[in-house]
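So the structure is just underneath, and the comments pick up after that.
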Amino acid sequence: MDETHIRSYHVLRTTWSEVGRQKQVPTFGHHAHVSLFDAVNVHDGETVLYQAGAANATTFLDFLRILKERYPDRLIVLVLDNARIHHAKMV
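One point on numbering: in full-length UniProt numbering, the residue at position 9 of the sequence shown is 9, and numbering is uninterrupted.
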C-alpha cells in the first residue's frame, strides 16, 4: 500500500538561453494535483485504487474504509512507510 501525488505544474531549473533573452515557460495558470492511494492483493494481484484531492489522515482513513468494504471478512495486512498520515492520532 502506498500513495503518490500527480501535479500539473512545472519545476523551473537552470537552463541555457541567448544572452539578453529571458527564457519563458508556458503554464496553465493554476497548480492542479491529485493524490492516489493504491494497495495490491498479494494473493491474486488485484489492486484497490482511490483518488483523492490530497493525501492526509482523513483521506487515508477513507482508503482504509474502502479496503475494509472490499475485503469485509478477511484479515488485511498493510505494509506502510513512515509517512505522517499513516500514524496520525486520528488513524
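Idealized CB from N, CA, C, for every residue including glycine.
Of the residues the options, the one placed nearest residue i, counting alpha carbons only
i	options	result
Glu3	His43, Val91, Gly20, Leu80	Leu80
Val77	His31, Leu64, Ile85	Leu64
Gln51	Ile85, Ser35, Lys23, Met1	Ser35
Gln24	Asn41, Trp16, Glu46	Trp16
Thr47	Arg21, Gly53, Ala32, Arg70	Arg70
Ile6	Ala88, Thr59, Ala32	Ala32
Val42	His86, Met1, Ala88	Met1
His86	Pro72, Asp44, Phe37, Gly45	Phe37
Pro26	Asn82, Ser8, Glu18	Ser8
Buried or exposed by the 16-neighbour rule on C-beta atoms within 10 Å, applied to residue i
i	result
Ala55	buried
Ala39	buried
Beta carbon of residue i nearer than 9 Å to that of residue j
i	j	result
Leu61	Met90	yes
Ala57	Arg84	yes
Cβ-heavy atom distance, residue i to the ligand SAH, below 8 Å
i	result
Ile85	Of the ligands one can find in the structure shown there are none, so the ligand SAH has no counterpart to examine.
Those runs of the beta strand (DSSP E) which lie wholly inside the segment 4 to 72 and span at least 3 residues: 33 to 40, 47 to 52
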